[in-house]
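Residue numbers (this note's numbering), protein chains in the order written: chain A, 1 to 307; chain B, 308 to 615.
See structure below.
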Amino acid sequence: MTRYVIAAIVFWCLATVPFLADYFDQSYLISLTTRIMIFALAAVTLDFILGIGGLVSLGHAAFIGIGTYTVAIFSKYGVTDLLVIIPVAVLASGLFALITGALALKTRGINFIMITLAFAQMLYFGTTSFSALGGDDGFSLSMRGTVFGMPLLDNHLGLFWTSFVLLALTYVIFQTLALSSFGRALGALKQNSEKMESLGVGRRQLQLRAYVISGSLCAISGVLLANLSGFVSPSSLAWQRSGDLVIMSVVGGQGTIIGAVIGAIGFLGLEEYLSQLIEYWRLILGPIAILIALFLNHSAGSSRRHG
Amino acid sequence: MSYTLLAVQALNGLQFGVLLFLIASGLTLVFGVMNFLNLAHGALFMVGAYLAVFVYQQTGAFFLAVVLGLVAALIFALMIEVLVLRHFYRRDHLAQLLATFGLILILNDGSKAIWGSSPQSLPLPEILSGSVPLIDNLQYPLYRLIVIGVGLVVALFLYLIVQHTRFGMLVRAGAADSEMVSALGVDVRRLFMTVFAAGAVLAALAGILAAPLIAIEPGMGDNVLILAFVVIVIGGAGSIRGAFVAALLVGLVDTLGRSFVTDLFRVVLPPASANEVGPAIASILIYALMALVLVFRPAGLFPAPGRS
Numbered sequence: 001m002t003r004y005v006i007a008a009i010v011f012w013c014l015a016t017v018p019f020l021a022d023y024f025d026q027s028y029l030i031s032l033t034t035r036i037m038i039f040a041l042a043a044v045t046l047d048f049i050l051g052i053g054g055l056v057s058l059g060h061a062a063f064i065g066i067g068t069y070t071v072a073i074f075s076k077y078g079v080t081d082l083l084v085i086i087p088v089a090v091l092a093s094g095l096f097a098l099i100t101g102a103l104a105l106k107t108r109g110i111n112f113i114m115i116t117l118a119f120a121q122m123l124y125f126g127t128t129s130f131s132a133l134g135g136d137d138g139f140s141l142s143m144r145g146t147v148f149g150m151p152l153l154d155n156h157l158g159l160f161w162t163s164f165v166l167l168a169l170t171y172v173i174f175q176t177l178a179l180s181s182f183g184r185a186l187g188a189l190k191q192n193s194e195k196m197e198s199l200g201v202g203r204r205q206l207q208l209r210a211y212v213i214s215g216s217l218c219a220i221s222g223v224l225l226a227n228l229s230g231f232v233s234p235s236s237l238a239w240q241r242s243g244d245l246v247i248m249s250v251v252g253g254q255g256t257i258i259g260a261v262i263g264a265i266g267f268l269g270l271e272e273y274l275s276q277l278i279e280y281w282r283l284i285l286g287p288i289a290i291l292i293a294l295f296l297n298h299s300a301g302s303s304r305r306h307g
Numbered sequence: 308m309s310y311t312l313l314a315v316q317a318l319n320g321l322q323f324g325v326l327l328f329l330i331a332s333g334l335t336l337v338f339g340v341m342n343f344l345n346l347a348h349g350a351l352f353m354v355g356a357y358l359a360v361f362v363y364q365q366t367g368a369f370f371l372a373v374v375l376g377l378v379a380a381l382i383f384a385l386m387i388e389v390l391v392l393r394h395f396y397r398r399d400h401l402a403q404l405l406a407t408f409g410l411i412l413i414l415n416d417g418s419k420a421i422w423g424s425s426p427q428s429l430p431l432p433e434i435l436s437g438s439v440p441l442i443d444n445l446q447y448p449l450y451r452l453i454v455i456g457v458g459l460v461v462a463l464f465l466y467l468i469v470q471h472t473r474f475g476m477l478v479r480a481g482a483a484d485s486e487m488v489s490a491l492g493v494d495v496r497r498l499f500m501t502v503f504a505a506g507a508v509l510a511a512l513a514g515i516l517a518a519p520l521i522a523i524e525p526g527m528g529d530n531v532l533i534l535a536f537v538v539i540v541i542g543g544a545g546s547i548r549g550a551f552v553a554a555l556l557v558g559l560v561d562t563l564g565r566s567f568v569t570d571l572f573r574v575v576l577p578p579a580s581a582n583e584v585g586p587a588i589a590s591i592l593i594y595a596l597m598a599l600v601l602v603f604r605p606a607g608l609f610p611a612p613g614r615s
């Protein structure tokens, strides 16, 4: 129950940002919070498979990248409507998740981490050398997204509320999934996969389904990100971003779903603060990551077993 | 495409593969024996290169830079082991991932803070530069041949140590069943530290050998790390032989792919589209290779015994 109270408080706080920004005349707060919510969405999708399912994916930036590049490809043909772009991005991302997930889930433990990372890197290099979409230099969007043809995302507030609603929806979807029998079976597989398999639960099939759901919805984050920056480049799927997402989804409490939103707020808030303070702010983030690792709960699953 | 070009690119691929082997062999042992995920392994490649450049900038002596660079990298790696990594050997992979990711952040930004983000270089001395004629009209840079030679010699040494010494036996036993090894009374902590130190020196050696050939810049270890992962997945975790075969395979496929895929596409596509599609396809070839191996042999080509 407390989880819902916390969730309500978090979303209420996010919703007050535009009013606070307006009152204190700090409009950058709106774009900062939009950015936070966009990555929170991605972190929520990751928390579902990582925190609940114990599937440590170090390649989630790839799904963000599929979202951003879907926007770029459509904008080349003058299509900007989110009602077209989001479903296509989700489908494309789901397909990528299905193929790479099926391969990665043939293995366990460390191999799963390495393979998800490698396939994400494949997409990264694919985009850097694909000259039709700007290659290394990226691709500037001429128009922001529309909804039903209305230029909803042209101003900061439109994008803010679109992101807010989509984050809230994603939260509800994954919170519901976490409590469903599907989510419970996924969690039980993390605790004791041999027992579950002897009970007749197909490990690979169940985990693959979770991975595809997580990866496909993560693309929404990329669609929003492209609209926020007005620019699409391979850096949106750099592998460090996948590491950042792991930190975000873990630090707020693994598998709590709302914890991923809190983690994103904390992480990106800290990034914003530190990067203004010193140029080499990752020198401070690094030790923080090590400390988080040190104090992570010791009983997290059975991954000590051979890979 | 001429045969001379093919031969040159094959040698380049071999040289790249040999470097990959130096990196992947240490990583696969650390992973196999200790079941430890070390994302910071690529950063050790970078640290090796930077330390050599540092010594070179102070002294101007190339060979001294190589030797002192290696020694400094070893000391540095042991420091990291004692300060950070040691506390994560018995933890789950997620904790290891976060801790070593944190290390990468520190090392990348640390080198940026010290040396700046503009690339550094390690110039070759007179005697190592220049080319040697291989066959009639084929000239090949001497230094690249030396890299291939050093790599092959190290590979041979590793093979002999792992297959024919008591220490190697412990390493193999550890890769197959580390719990049993510690139950038999082996000082696992010392074994771990030795394996880690050996892996770190190999990674630093690769960094130093590569330093005259590539730009030395922050983050240079990251791509190398991911390539080493691809090598390990293809070769089979914990296996030196697998790492060797897979590293050469990845080196050759990547190098030859980048030089010839676009040409091949020109056969079936108009030149403009071939120029667009070719490089993109070439850049993902090795990942396709990894996918192929996963389909048919999920445990890799040469899995260590006891793993499947």
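By construction, the Cβ of each residue, glycine as well, lies at the ideal position given by its N, Cα and C atoms.
Since the structure is predicted, the reported quantities are computational estimates derived from the model, not experimental observations.
Using 8 Å for Cβ pairs, my map puts L228(A) next to I38(A). What's the rounded Cβ distance?
6 Å
Rounded to whole angstroms, what's the CA-CA distance from Q121(A) to R241(A)? Just pull it up for me.
11 Å
Give the residues of chain B in contact with L283(A), contact being defined as C-beta atoms less than 8 Å apart.
L412, I413, D416, G417, A420
Quick one: which residues of the stretch 90–122 of chain A get their C-beta closer than 7 Å to a C-beta of chain B? List them in chain order.
L103, K106, T107, G109, I110, N111, I113, M114, I115, L117, A118, F119, Q121, M122
Within the present structure, is the beta-carbon of P586(B) separated from the nearest heavy atom of the ligand ATP by less than 7 Å?
As presented, the structure is devoid of all ligands, the ligand ATP included, so that no description of it is given.
Among the residues of its own chain, which have a CB less than 8 Å from the CB of R144(A), if the five just before and after it don't count?
T80, P151, L153, D154, L159, N227, G230
Comparing alpha-carbon positions, which option in S214(A), L274(A), L268(A), Y124(A) lies nearest G93(A)?
Here residue 93(A) turns out to be Ser, not Gly, going by the sequence shown. If we check each option's Cα against that of S93(A), S214(A) comes out closest.
Distance, N192(A) Cα to A379(B) Cα
Computed Cα separation, rounded: 44 Å.
Would you be able to state if there are at least three C-beta pairs under 8 Å between the stretch 96–111 of chain A and the stretch 556–573 of chain B?
Between the stretch 556–573 of chain B and the stretch 96–111 of chain A, the count of Cβ pairs shorter than 8 Å is below three; the stretches do not touch.
Could you tell me which chain B residues have their CB closer than 7 Å to the CB of F125(A), listed as they occur along the chain?
S590, I591
Pick from E272(A), G243(A), L277(A), L274(A) that is closest to A43(A), judged by C-alpha positions
G243(A)
To the nearest whole angstrom, what separates the beta carbons of F551(B) and F328(B), a pair I think is in contact under 8 Å?
5 Å
Could you list which residues in chain A have their beta carbon closer than 8 Å to that of F567(B), in chain order?
Ordered by position in chain A, no residue passes the 8 Å Cβ test against F567(B), which lies about 15 Å from the chain.
Go ahead and label S485(B) buried or exposed: buried means 16 or more other beta carbons lie within 10 angstroms of its beta carbon, across all protein chains shown.
buried
Counting only beta-carbon separations shorter than 8 Å, does V232(A) have a partner in chain B?
So no, V232(A) is outside the interface.
Would L377(B) pass as a contact of I515(B) if the rule is Cβ separation under 8 Å?
yes
Extent of the continuous alpha helix (DSSP H) to which Q240(A) belongs
239–251
Could you name the residues of the same chain whose beta carbon sits closer than 7 Å to that of A581(B), not counting the 5 residues immediately before and after it, in chain order?
T569, F572, R573
G307(A) classed as buried or exposed, judged by whether at least 16 other C-beta atoms fall within 10 angstroms
Note that G307(A) scores a pLDDT of 34, beneath 50, so its modelled location is shaky; the value from the coordinates is reported in the next line. By the 10 Å Cβ count, G307(A) comes out buried.
Using the beta-carbon of each residue, which ones in chain B are nearer than 7 Å to A61(A)?
Per Cβ cutoff of 7 Å: no residues; A61(A) is ~12 Å from chain B at best.
Contacts that W239(A) makes with chain B (C-beta to C-beta distance below 8 Å)
D529, I533
Check this for me: beta carbons of N319(B) and T501(B), under 8 Å apart or not?
no
With C-beta atoms as the reference, is S546(B) less than 8 Å away from T407(B)?
no
Please state the DSSP three-state secondary structure of T146(A).
strand
Against chain A, does M597(B) count as a neighbour if the rule is that its beta carbon must be under 8 Å from one of theirs?
yes
Tell me which residue opens and which closes the beta strand (DSSP E) that S438(B) is part of.
It spans 438–440 - the beta strand (DSSP E) in which S438(B) sits, taken as one unbroken run.
I'd like to know whether the C-beta of P586(B) is nearer than 8 Å to at least one C-beta of chain A.
yes
Simplified DSSP assignment, three categories, for I278(A)
coil
Let me know the secondary structure DSSP gives Q254(A) once reduced to three states.
coil
Could you name the residues of the same chain whose beta carbon sits closer than 8 Å to that of A300(A), not counting the 5 residues immediately before and after it, in chain order?
Note that A300(A) scores a pLDDT of 40, beneath 50, so its modelled location is shaky and nothing firm can be said.
Taking a contact to mean a Cβ-Cβ separation below 8 Å, would you say S75(A) touches S142(A) in this structure?
yes
Between F130(A) and chain B, is the shortest Cβ-Cβ distance under 8 Å, so that the two count as touching?
yes
Supposed contact pair L385(B) and L519(B) - C-beta distance, whole angstroms, cut 8 Å:
At residue 519(B) the sequence reads Pro, which differs from the Leu that was named. At roughly 26 Å, the Cβ-Cβ gap does not stay under 8 Å, so P519(B) and L385(B) are not in contact.
Nearest-angstrom Cα distance between A368(B) and L217(A)?
55 Å
Is the CB of F352(B) under 8 Å away from at least one CB in chain A?
no
For I521(B), three-class secondary structure by DSSP
In this structure, I521(B) counts as coil in the three-state DSSP scheme.
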